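Engineer: Before anything else, here's the structure in question.
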Amino acid sequence: MPDNRSTKAFKDSSNPTDGSKNSVSDRGPATAPESSPIAKAHEQIPIESIEAPKNLPAHGVWVYIEQLQGEVAPVSWELMGVGRQLADKLNCPLSGVLLGHDIQPLTELAFQYGADTLYAIDDPMLEPYTNECHSIALVQLCQAHHPEILLIGATTTGRDLSGSVATALRTGLTADCTQLDVDVDNRKLLQTRPAFGGNILATILCRDRWPQMATVRPRVFPEPEKQPHRRGALVWSDLGLDPSRTVMEVVDRILDERTEGYLDEADIIIAGGRGIGSKENFRYVEELAQAIGGMIGASRPAVESGWAPYSHQVGQTGFTVRPKLYIAAGISGAIQHLVGMQNSDVIVAINKDPDAPIFRVATYGIVGDAATILPALTLELGARMH
Ligand code: FAD
Numbered sequence: 001m002p003d004n005r006s007t008k009a010f011k012d013s014s015n016p017t018d019g020s021k022n023s024v025s026d027r028g029p030a031t032a033p034e035s036s037p038i039a040k041a042h043e044q045i046p047i048e049s050i051e052a053p054k055n056l057p058a059h060g061v062w063v064y065i066e067q068l069q070g071e072v073a074p075v076s077w078e079l080m081g082v083g084r085q086l087a088d089k090l091n092c093p094l095s096g097v098l099l100g101h102d103i104q105p106l107t108e109l110a111f112q113y114g115a116d117t118l119y120a121i122d123d124p125m126l127e128p129y130t131n132e133c134h135s136i137a138l139v140q141l142c143q144a145h146h147p148e149i150l151l152i153g154a155t156t157t158g159r160d161l162s163g164s165v166a167t168a169l170r171t172g173l174t175a176d177c178t179q180l181d182v183d184v185d186n187r188k189l190l191q192t193r194p195a196f197g198g199n200i201l202a203t204i205l206c207r208d209r210w211p212q213m214a215t216v217r218p219r220v221f222p223e224p225e226k227q228p229h230r231r232g233a234l235v236w237s238d239l240g241l242d243p244s245r246t247v248m249e250v251v252d253r254i255l256d257e258r259t260e261g262y263l264d265e266a267d268i269i270i271a272g273g274r275g276i277g278s279k280e281n282f283r284y285v286e287e288l289a290q291a292i293g294g295m296i297g298a299s300r301p302a303v304e305s306g307w308a309p310y311s312h313q314v315g316q317t318g319f320t321v322r323p324k325l326y327i328a329a330g331i332s333g334a335i336q337h338l339v340g341m342q343n344s345d346v347i348v349a350i351n352k353d354p355d356a357p358i359f360r361v362a363t364y365g366i367v368g369d370a371a372t373i374l375p376a377l378t379l380e381l382g383a384r385m386h
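In the UniProt record's numbering, the protein residues as written are 1 to 386.
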């Protein structure tokens with residue numbers, strides 16, 4: 001590792017309760033000779049694995065709170081919920097990490113959703129998100145405070161960030177976990193996710209590197225209750241980066257202007273699978289969705305057959321959803337589909353095979369022909385809705 005990589009100069013507030021910012025005076029820009037832009041960026045990333053010093057063991061569960069222009073990604077609060085359970089089992093604090101600019105108004109939310117401590121950096125270079133600046137900030141905080149576990153939402157931003165941070169810290173990362181638990185005896189994070197093409201659910205351990213890092217997709221875990229009066233310790237830090245030495249710049253942002261909404265935010269989903277039989281029959285799924293104000297979902301074969309667009313695929317290689325009502329019609333219940341919808345509040349399965357695995361996760365099961373049952377439901381429920 002080149003000597004000129006500054007890994008220790010980052011400082012944070014010595015008084016975690018007063019919320020005041022400290023200044024960093026001892027961190028100058030990296031002193032490497034001028035080289036390519038990418039090399040320049042890497043000079044600013046302090047690469048060092050966290051091997052917890054004996055007198056300062058890795059401690060605490062951390063959640064990266066993803067925000068954009070003051071809007072927090074809901075998955076961050078969902079992770080706070082599961083993070084709280086892990087922290088309680090490990091008898092350690094739960095902390096949030098909030099990075100951005102003008103983020104003060106969001107700090108209270110972190111405590112209300114369960115954080116004991118919030119590590120925050122407010123800097124114009126952190127808004128909007130760039131991999132470079134957020135990676136550096138998160139790596140610096142990890143190196144300063146040695147978290148034991150770091151959870152990040154498997155959003156576009158989270159996927160981008162988590163790989164860089166894990167690489168910089170020389171630690172492991174388990175992506176798209178569907179369950180998280182801890183072994184309290186050895187304090188290992190039990191990271192469960194589909195593996196080997198989704199044929200098994202594997203529980204993965206990161207045995208001797210810290211932090212133990214996992215990403216989790218939105219809607220895998222429920223959002224915890226907000227506790228309006230809850231408070232915690234706020235630790236402000238400085239980024240300490242020289243803007244002239246960064247290589248990433250956001251030139252433009254083009255918003256996805258879809259009007260139909262996002263599948264993983266839907267309260268009602270009517271999903272069709274291969275058992276629907278044809279594109280023609282798939283209209284029964286669409287008509288029921290329209291009648292009761294839901295969105296359509298689809299299994300992978302239904303998408304591959306061109307009956308529904310990929311943006312409606314549910315499962316391991318599609319969306320993870322958690323609606324109040326999920327109606328699965330002509331879907332067998334393969335594990336790759338189940339991991340995307342099994343946490344829905346109420347699951348209604350329609351299948352002509354009474355032994356179909358989908359019935360094992362269903363709240364209500366209807367054995368029969370989807371092409372008959374769906375139109376009947378549309379008629380009955382549609383009339384009640386209007
Ligand atoms: P099938 O398994 O063929 O089931 C059709 C069902 O319809 C059967 O249970 C049948 O009894 C029933 N049926 C037939 N006719 C009728 C009728 N008239 N009325 C009522 N019921 C009827 N799949 C996904 O869905 N999402 C994913 O993200 C995904 N990712 C994958 C990733 C990998 C790496 C792999 C290997 C596979 C993935 N799959 C995914 C595919 C998955 O393994 C299954 O093949 C798929 O989920 C099956 O889809 P299906 O239930 O629609 O079809």
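Heads up, the beta-carbon is just placed ideally off N, CA and C, and yes, glycines get one too. Being a predicted model, the structure only gives us computed values, none of them experimental.
1. Whose C-beta lies closer than 8 Å to the C-beta of R253 among residues of the same chain, with five residues either side of it excluded?
2. How many Å lie between I200 and A356 at the Cα?
3. Below 7 Å, is the gap between the Cβ of Q191 and the nearest heavy atom of ligand 1?
4. List the endpoints of the continuous alpha helix (DSSP H) containing Q336.
5. What does a CB cutoff of less than 6 Å around residue 389 pick up in its chain, not counting 5 residues either side in sequence?
6. Let's test the definition: count the other Cβ atoms within 10 Å of the Cβ of D122 and tell me whether it reaches 16, buried, or not, exposed.
7. Within 10 Å of its beta-carbon, does L337 have 16 or more other beta-carbons around it, so buried, or fewer, so exposed?
8. Indicate the three-state DSSP secondary structure (helix, strand or coil) for T107 in the structure shown.
9. Below 7 Å, is the gap between the Cβ of Q176 and the nearest heavy atom of ligand 1?
10. Tell me the DSSP bridge mates of R193?
11. Measure how close the beta-carbons of I276 and W307 come, nearest whole angstrom, since I'm counting them as under 8 Å.
12. Secondary structure at E265, three-state DSSP: helix, strand or coil?
13. Please go through the same chain and pick out, in chain order, the residues whose beta-carbon is closer than 8 Å to the beta-carbon of M385, but skip the five residues on each side of it.
14. Thinking Q316 and V339 are a contact (beta carbons under 8 Å), I'd like their distance in whole angstroms, please.
15. Give a single yes or no on whether K352 has its beta carbon closer than 7 Å to a heavy atom of ligand 1.
16. Look up N351 in the DSSP assignment and say whether it is helix, strand or coil.
17. Closest by CA to T203, which one among T178, P224, I331, W210?
18. Under three-state DSSP, which class holds G83?
19. With C-beta atoms as the reference, is P222 less than 8 Å away from E78?
20. Pull up the distance between the alpha-carbon of A214 and that of Y119, whole angstroms please.
21. Can you say whether M125 is buried or exposed, counting buried as having 16 or more other CB atoms within 10 angstroms of its CB?
22. Quick check on the DSSP output: the alpha helix (DSSP H) that includes M385 runs from which residue to which?
23. Can you tell me where the alpha helix (DSSP H) with Q212 in it begins and where it stops?
24. Would you decide whether T363 is buried or exposed? Buried here means 16 or more other CB atoms lie within 10 Å of its CB.
25. Is H229 buried or exposed, if buried means 16 or more other CB atoms sit within 10 Å of its CB?
26. With DSSP run on the structure shown, which of helix, strand or coil describes K324?
27. Hey, V72 and L151 are a contact pair by Cβ (cut 8 Å); roughly how many whole angstroms apart?
28. Since V285 sits in a beta bridge, which residues does DSSP pair it with?
29. In this structure, how does DSSP classify C133 when only helix, strand and coil are distinguished?
30. How big is the Cα-Cα spacing for V235 and V97?
31. Identify the residues that DSSP records as bridge partners of Q179: which are they?
32. Determine, using beta carbons only, whether H145 and W210 come nearer to each other than 8 Å.
33. Return helix, strand or coil for G275, following the three-state DSSP convention.
34. By DSSP, does T174 sit in helix, in strand, or in coil?
Structural biologist: Once the coordinates are examined:
1. The sequence position of residue 253 within the sequence shown is 253, counting from 1. If we look at R253 and ignore the five residues flanking it on each side, its Cβ neighbours are P128.
2. In the sequence shown, the residue the question calls residue 200 occupies position 200. In the sequence shown, the residue the question calls residue 356 occupies position 356. If I take the Cα positions, the gap works out to 19 Å.
3. Working through the sequence shown from its first residue, we reach residue 191 at position 191. No; taking the cut-off as 7 Å, the Cβ of Q191 has no heavy atom of ligand 1 nearer than that.
4. By 1-based counting over the sequence shown, the position of residue 336 is 336. From DSSP, the alpha helix (DSSP H) with Q336 extends over 335–341.
5. Any question about residue 389 goes unanswered here, given that the chain covers just 1 to 386.
6. The count along the sequence shown starts at 1 and reaches residue 122 at position 122. Buried, by the Cβ-count rule.
7. By 1-based counting over the sequence shown, the position of residue 337 is 337. Checking the sequence shown, residue 337 turns out to be His, not Leu. H337 should be labelled buried.
8. Along the sequence shown, read from residue 1 onward, the residue named residue 107 stands at position 107. T107: helix per DSSP, three-state reduction.
9. Within the sequence shown, residue 176 is the residue found at index 176, counting from 1. The amino acid at residue 176 is misidentified as Gln; the sequence shows Asp. Not under cutoff, so the answer is no.
10. Translated into the one-based positions of the sequence shown, residue 193 becomes position 193. Answer is A202, bridged to R193.
11. Position 276 of the sequence shown, counting from 1, holds the residue named residue 276. Position 307 of the sequence shown, counting from 1, holds the residue named residue 307. The distance from the Cβ of I276 to that of W307 is about 7 Å, consistent with a contact at the 8 Å cut-off.
12. What you label residue 265 is simply residue 265 of the sequence shown in a count that begins at 1. Looking at E265 - three-state DSSP - the assignment turns out to be helix.
13. Against the sequence shown, residue 385 aligns to sequence position 385. Same-chain partners within the cutoff: A291, I292, G293.
14. As a position in the sequence shown, residue 316 is number 316, starting the count at 1. As a position in the sequence shown, residue 339 is number 339, starting the count at 1. That pair is a contact at about 5 Å.
15. Start at 1 with the first residue of the sequence shown, and residue 352 comes out as number 352. The answer is yes for K352.
16. To locate residue 351, count along the sequence shown from 1; it is residue 351. DSSP, read as helix, strand or coil, puts N351 in strand.
17. Taking the sequence shown and counting its residues from 1, one reaches residue 203 at position 203. The candidate whose alpha carbon is nearest that of T203 is T178.
18. The residue given as residue 83 occupies position 83 in the sequence shown. In the structure shown, G83 sits in a helix (DSSP, three-state: H, G or I).
19. Stepping through the sequence shown from its first residue, residue 222 is reached at position 222. Stepping through the sequence shown from its first residue, residue 78 is reached at position 78. Yes, the Cβ-Cβ distance between P222 and E78 is below 8 Å.
20. In the sequence shown, residue 214 corresponds to position 214, counting from 1. In the sequence shown, residue 119 corresponds to position 119, counting from 1. Those two C-alpha atoms are separated by around 19 Å.
21. As a position in the sequence shown, residue 125 is number 125, starting the count at 1. So M125 ends up on the buried side.
22. Numbered from 1 along the sequence shown, position 385 holds the residue referred to as residue 385. Residues 370–385.
23. The count along the sequence shown starts at 1 and reaches residue 212 at position 212. Element bounds for Q212: not the alpha helix (DSSP H) but the beta strand (DSSP E), 212–216.
24. The residue labelled residue 363 in the question sits at position 363 within the sequence shown. Classification for T363: exposed.
25. What you label residue 229 is simply residue 229 of the sequence shown in a count that begins at 1. Looking at its Cβ environment, which holds fewer than 16 other Cβ atoms inside 10 Å, H229 is exposed.
26. Within the sequence shown, residue 324 is the residue found at index 324, counting from 1. The DSSP-derived three-state label of K324 is coil.
27. Counting from 1 along the sequence shown, the entry for residue 72 is found at position 72. Counting from 1 along the sequence shown, the entry for residue 151 is found at position 151. The C-beta separation of V72 from L151 comes to about 14 Å, leaving the pair out of contact by the 8 Å criterion.
28. Taking the sequence shown and counting its residues from 1, the one referred to as residue 285 is at position 285. Beta-bridge pairing links V285 to no other residue.
29. Looking up residue 133 in the sequence shown gives position 133. C133 falls in the helix class under three-state DSSP.
30. Your numbering for residue 235 matches position 235 in the sequence shown. Your numbering for residue 97 matches position 97 in the sequence shown. The straight-line gap from Cα to Cα measures roughly 10 Å.
31. As a working note, residue 179 is residue 179 in the sequence shown. Paired residues: T192.
32. Start at 1 with the first residue of the sequence shown, and residue 145 comes out as number 145. Start at 1 with the first residue of the sequence shown, and residue 210 comes out as number 210. No, they are not a contact pair.
33. Taking the first residue of the sequence shown as position 1, residue 275 is located at position 275. Note: G275 maps to helix in three-state DSSP.
34. By 1-based counting over the sequence shown, the position of residue 174 is 174. The answer is strand: DSSP assigns T174 an E or B state.
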